[in-house]
Amino acid sequence: MISLVRTDLQVFCRIGANSLSICGRRYVNSKLLLNSNLKPTTIFRLYSNKNEVKTTKNITKEIAEPERSYLEDILDESEEKPKTTGQKVKRAAETSFYVSVGLASLAVLGGLVYLLVKELFSFSSPNGVYRDAFKRVKKDDSCFELFGERLRAHGETSGRGRRRHIANQRFEKDGQQRLRIMFHLKGDKANGKVHAEVANIDGKWDYRFLIVECEDQRPHTIVLIDNR
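Residue numbers (UniProt numbering): 1 to 228.
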């Protein structure tokens, strides 16, 4: 019984609230129609909620449809097909120019990559000879026993302790192009130097000699290659 009475009260309250809302809207409309002398500020207050809803809808529409950027406008203009003969010639010239610039850039990049690879890995460059000579020194058993397991190599050392490039000398002798380098060794047991010389014989670079010197209290020399 109590639950039925509660349900009836809830239904009655809802009907009353809806009726009041409808009556309120009708009252506002009647005031605006019958009293044309209302001040603008009063009308603005009566319709403030409606204007706020409209403003929110406009903001939502602006967020959903953002304005086009200047870059997009330029791209759209560039996509337009040329119509006149002059425009077609201009478009063809621009395309040819961009293609030429791209090909030239690729050529320059390829040349730089070739020079870099040649300098680092070619046997005719100081760095290339240095890398190969140090690999041979580390693989040699006599050098392993003399300098120890942790063997490192480096170039010339400046006054501030910075290690600079590998000392090298290019010259020509007996009609052959030759390259001579020298770098330092530092191991757990001793320190030393490596002297190497390569020559271009019939278009092929090969060692003339590869000699390791120990700078310990007991100087010692290890000849790895001798083609002199």
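Just so it is clear, CB atoms sit at the ideal spot from N, CA and C, and this is done for glycine as well.
Here the alpha carbon of glycine 187 sits roughly 14 Å from the alpha carbon of aspartate 141. The continuous beta strand (DSSP E) containing glycine 192 extends over residues 191-201. Counting along the chain, the unbroken alpha helix (DSSP H) around arginine 136 starts and ends at 126-139. Nearest neighbour of methionine 182 by Cα position, chosen from Lys204, Ile211 and Gly102, turns out to be Ile211.
DSSP places leucine 179 in the uninterrupted beta strand (DSSP E) bounded by 176-186. Rounded to the nearest whole angstrom, the C-alpha separation of lysine 189 and leucine 146 is 7 Å.
Annotated as distal: leucine 106 and leucine 151, with beta-carbon spacing of 8 Å or more. Secondary structure at arginine 150: coil, using DSSP grouped into helix, strand and coil.
Only residues of its own chain outside the window of five on either side were considered, and among them Glu197, Ala199, Asn227 and Arg228 have a CB closer than 6 Å to the CB of arginine 208, listed in chain order. Short of 6 Å from the beta carbon of alanine 167, and not among the five residues preceding or following it, lie these beta carbons of its own chain, in chain order: Glu156 and Met182.
Note on geometry: alpha-carbon atoms of serine 96 and glutamine 87 lie some 14 Å from one another. The straight-line gap separating the alpha-carbon atoms of lysine 204 and alanine 153 is approximately 26 Å. DSSP places histidine 220 inside the beta strand (DSSP E), whose first and last residues are 220-226. Nearest in C-alpha terms to histidine 220, of all of Arg131, Asp202 and Val194, is Val194. Taking C-alpha positions only, glutamate 215 is separated from serine 100 by approximately 58 Å.
Lysine 81 and valine 108 have their C-alpha atoms spaced approximately 33 Å apart. Restricting attention to Arg180, Ile222 and Ile225, the CA atom closest to the CA of valine 129 is found in Arg180. With a threshold of 16 other beta carbon atoms within 10 Å, alanine 133 meets it and is buried. Going by beta carbons, isoleucine 201 and glutamine 169 fall outside the 8 Å limit. Between the beta-carbon of arginine 136 and that of leucine 224 there is about 6 Å, and that keeps the pair under the 8 Å contact cut. Beta-bridge annotation (DSSP): phenylalanine 171 is paired with Arg178. Secondary structure of glutamate 156 (DSSP, three-state): coil.
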